[in-house]
Every structure is written in structure tokens, then in C-alpha cells.
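Position 31 (the sequence shown) corresponds to 1225 in the working numbering; numbering is contiguous.
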Amino acid sequence: MPRNLVIENRSAGPRYLAAVPVRAEWDDEEGRHFVAEGETENVGPEGALVHLPRELPDVGSRVNLEVIGEEGTQLKVIMEVLRLERNAGHPLAALQLLDAVDEWRGLVWEPAAPQVSRPADGEDDEDEDDGLTN
């Protein structure tokens, strides 16, 4: 599957397949503190679907999510858990941003967008000889 596939049909904007390293922290209802590292499955302008291999937060709970860049933490945001996919082999949490929407869009969502390649200088698709004779 291509890394930057676009998933349409979202009210806030398209979601892009992107594996972005993250660290999530949350407390459960009993007060236990959890820290889990994982990566995004896809990112949208206001949230992400995140793979957390060991533990999942409860639906409705708040998660402090750190986006990890090449030089450490790139962005810290607060997110709410909208839904869970409790697949034993690949558990996922759907998270929605509660703050820092503009920063998320600029640092995570926009860079995940598919890149459209342009012809190199001097190349023009319209003038190519396709080998057909008229």
C-alpha cells in the first residue's frame, strides 16, 4: 500500500496514510498512569488513527500525545479518544485534537500529504514523441 494514500469522505478534510512516531500518556479511571509509544496509521487535519501496541486508553479519555521528530519531540498536543479498534494484532485508537490544531496541521498533516511530482526542466509531456505515425 502506498505510504501517502489519501482517504476522502471526512468532514474536516482528507486523511493521509502516514507512519509518524508518537508517544502517548494518559491516566485510566483508577488513576494508573500509562506511557505508550506507537505510530500513526493515518492523519487528518484534526486528528489521527494511532497504533499503540501494548495498551489502549479508554474511549472519552484525554491523551497527551507527543509527535516524535528526528531530533526528539516535535509537537505536544492534547487529544480525546473517539473510538478503539481492539484487534489483538494491531490495536488502534482514533484520536481527535483538543488543542494546537494549527500547529498539528502545519507540522503533521500538511507534510503527510501526497507529493505530486512535476516534470524535470526541459521535459514537456505534450511534445513527447509517442512513436505513433499520423
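Yeah, the Cβ is synthetic: ideal placement off N, Cα and C, and Gly gets one too.
Around the Cβ of residue 1218, are there at least 16 other Cβ atoms within 10 angstroms (buried) or fewer (exposed)? buried
Can you name, in chain order, every residue of its own chain whose Cβ lies under 6 Å from the Cβ of residue 1196, other than the five neighbours on each side? Low confidence applies to residue 1196: its pLDDT is 40, below 50, so where it sits in the model is not reliable enough to give any reading.
Where do the N-terminal and C-terminal ends of the alpha helix (DSSP H) with residue 1295 fall, by residue? 1295-1298
Shortest alpha-carbon distance to residue 1234 belongs to which of 1289, 1227, 1304? 1289
For residue 1262, tell me which candidate among 1220, 1298, 1210, 1256 has the shortest Cα-Cα distance. 1298
With a cut-off of 8 Å on the beta carbons, I'd call residue 1246 and residue 1232 a contact; round off their distance for me. 4 Å
Exposed unless 16 or more other CB atoms sit within 10 angstroms - verdict on residue 1241: buried
Suppose the cutoff is 7 Å on Cβ atoms and the five residues either side in sequence are ignored; what does the same chain contact list for residue 1230 look like? 1218, 1246, 1248, 1249
Rounded C-beta distance between residue 1286 and residue 1243? I'm assuming under 8 Å. For residue 1286 against residue 1243, the beta-carbon gap comes to about 6 Å, under 8 Å, which counts as contact.
Specify, as a first and last residue, the run of the beta strand (DSSP E) that residue 1329 falls within. For the chain, the structure presents residues 1195 to 1328; residue 1329 sits outside this window and is missing.
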